[in-house]
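Numbering-wise (this note's numbering), the sequence shown opens with residue 4 and increments by one.
Quick notes on the structure that follows.
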Amino acid sequence: MTTETSATALAGPLDGRVAVITGASSGIGEASAEHLASLGAKVAVLARRAERLDDLVARIAKNGGTAVAIAVDVTDAAAVQAAADRVEAELGGADLLFNNAGVMLPGPVEELRADQWQQQIDLNISGLMKVIGAFTPQLVRAAGERGVADLINTSSSAAQNLYPTFAVYAGTKAFVSHLSKHLRIELGPKNVRVSAIEPGIVGTELQDHVTDTGAREWLEGSKDTIDWLMPEDIAQTVGFIASMPLRVNLPQVFIMPTAQPS
């Protein structure tokens, strides 16, 4: 299911650009879509929950922005390619991709929750790669025509730090960070800036999916000592990266709550 609505684009640092955001039905993706639209970009919002996307598009339009909603499961390669084709046909192609869809399911490895391991690998790695594969040709072409394009991937502080029972999730995010470094070497000479954002704890639906009791208690208890990041904090970071002068690339942005030690 797809829906579209638009209004006169707002002038801003991203005026004339086309941004694709995955995982846009809530949290960081939702906040980033609204923020990028406020900076002048036309946004294509991708996620599975069509109704949430429709509401997001309506809010963006009400605030004077332009948005297209595309309900898609990023683990479905054919559906992702169809989404890329729609962005190409209706918006002229993406020059900013914020690869944000993901899931966090910590738990002790000895519990052998192979289903949760696979779910994290499928979404955090395979889904991310499917989106990169579908949209990279648009980014490269846009960079050639306009001088710059941006590929921004959501990683995690878990890619760098050690958290008990988060091994599989952390491994998927380490993949994202390392992949981003390699893609920067490959795509940078073509004027595609590649960045990985590595946040600490952010207050989103991500925690709601956690089934492991110990991890849930640790996360809940951390609220007593840590003022968690908000999705808007990451959204502003995405906007900042994309708004930098064309000569500037921020390959790795490590962003933590002030009171979170690691």
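All residues carry an ideal CB built from backbone N, CA and C; glycine is no exception.
Supposed contact pair Leu49 and Val21 - C-beta distance, whole angstroms, cut 8 Å: One-based indexing of the sequence shown puts residue 21 at position 18. One-based indexing of the sequence shown puts residue 49 at position 46. Contact doesn't hold; Cβ gap of about 13 Å is too wide.
Under the three-state DSSP convention, the category Arg149 falls into: The sequence position of residue 149 within the sequence shown is 146, counting from 1. Here Arg149 sits in helix by DSSP.
Run of the beta strand (DSSP E) containing Ala199, from where it starts to where it stops: For the purposes of this step, residue 199 is taken as the residue at position 196 of the sequence shown. Residues 195 to 202.
Alpha helix (DSSP H) runs wholly inside the region 157 to 224, at least 4 long, in chain order: 170 to 190
Unbroken alpha helix (DSSP H) run spanning Gln84, endpoints: The count along the sequence shown starts at 1 and reaches residue 84 at position 81. Counting along the chain, the unbroken alpha helix (DSSP H) around Gln84 starts and ends at 80 to 94.
Burial state of Arg52, where buried means 16 or more other Cβ atoms lie within 10 Å: As a position in the sequence shown, residue 52 is number 49, starting the count at 1. So Arg52 counts as exposed.
Simplified DSSP state of Leu131, which is helix, strand or coil: Translated into positions along the sequence shown, residue 131 becomes position 128. Helix, per DSSP.
One or two residues paired with Gln123 in a DSSP bridge: What you label residue 123 is simply residue 120 of the sequence shown in a count that begins at 1. Gln123 pairs with nothing; no bridge assigned.
C-alpha gap between Gln210 and Leu17, whole angstroms: Counted from its first residue, the sequence shown places residue 210 at position 207. Counted from its first residue, the sequence shown places residue 17 at position 14. Approximately 31 Å, taken between the alpha carbons.
At least 3 beta-carbon pairs within less than 8 Å: the region 142 to 153 vs the region 92 to 103: yes
Residue interval of the beta strand (DSSP E) (run including Gln255): Here the question's residue 255 lines up with position 252 in the sequence shown. Unbroken beta strand (DSSP E) run through Gln255: 255 to 258.
Straight-line gap, His181 to Ala64 (C-alpha atoms, nearest Å): On the sequence shown, position 178 is the one that residue 181 refers to. On the sequence shown, position 61 is the one that residue 64 refers to. Across the structure, His181 and Ala64 are spaced so that their CA atoms are roughly 36 Å apart.
Cβ-based burial, Gly110 [other Cβ within 10 Å; buried from 16]: Working through the sequence shown from its first residue, we reach residue 110 at position 107. So Gly110 counts as buried.
Secondary structure of Ala36, DSSP reduced to three states: Counted from its first residue, the sequence shown places residue 36 at position 33. Helix.
Cut-off 6 Å between Cβ atoms - residues of its own chain near Gly30, not counting five sequence neighbours on either side: Position 27 of the sequence shown, counted from the first residue, corresponds to residue 30. Here the set comprises Thr207, Glu208, Pro234.
Span of the alpha helix (DSSP H), counted from its first residue to its last, around Ala238: The sequence position of residue 238 within the sequence shown is 235, counting from 1. From DSSP, the alpha helix (DSSP H) with Ala238 extends over 234 to 246.
Residues bridged to Asn102 [DSSP beta-bridge criterion]: Here residue 102 corresponds to residue number 99 of the sequence shown, with the count starting at 1. Asn156, per the DSSP bridge assignment.
CA nearest to the CA of Asp236, picked from Ile229, Gly67, Pro202, Lys133: As a first step, residue 236 is located in the sequence shown; it is residue number 233 there, counting from the start. Out of Ile229, Gly67, Pro202, Lys133, Pro202 has the C-alpha closest to the C-alpha of Asp236.
Cβ pair Ala177, Tyr166 closer than 9 Å: Indexing the sequence shown from 1 puts residue 177 at position 174. Indexing the sequence shown from 1 puts residue 166 at position 163. Cβ distance not < 9 Å, so Ala177 and Tyr166 don't count as in contact.
DSSP bridge partner residues for Leu49 (one or two, in chain order): Taking the sequence shown and counting its residues from 1, the one referred to as residue 49 is at position 46. Per DSSP, the beta-bridge partners of Leu49 are Thr25, Ile73.
Any 3 or more C-beta pairs closer than 8 Å across the region 54 to 68 and the region 105 to 123: no
Close beta carbons around Thr175, own chain, < 7 Å, minus the five adjacent residues each side: Along the sequence shown, read from residue 1 onward, the residue named residue 175 stands at position 172. Answer for Thr175: Gln123, Ile124, Asn127, Ile128, listed in chain order.
Nonlocal neighbours in the same chain, by C-beta distance under 8 Å from His212, ignoring five residues either side: What you label residue 212 is simply residue 209 of the sequence shown in a count that begins at 1. Within the same chain, His212 has close Cβ partners Val106, Met107, Leu108.
At least 3 beta-carbon pairs within less than 8 Å: the region 224 to 233 vs the region 180 to 196: In short, these stretches do not touch, since the Cβ pair count stays below three.
Close-in-space but distant-in-sequence residues of the same chain around Phe138 (CB under 7 Å, 5 per side omitted): Your numbering for residue 138 matches position 135 in the sequence shown. Only Val23, Ala87, Ala97, Leu100 meet the Cβ criterion.
Sub-9 Å separation of Gln263 and Ala199 beta-carbons: One-based indexing of the sequence shown puts residue 263 at position 260. One-based indexing of the sequence shown puts residue 199 at position 196. No.
Whole-angstrom C-beta distance between Ala238 and Ser35, which should lie under 8 Å: Position 32 of the sequence shown holds residue 35. Position 235 of the sequence shown holds residue 238. The beta-carbon separation of Ser35 and Ala238, rounded to 4 Å, stays under the 8 Å limit for a contact.
Local Cβ density within 10 Å of Pro260, reported as buried at 16 or more and exposed below that: Counting from 1 along the sequence shown, the entry for residue 260 is found at position 257. Buried is the call here.
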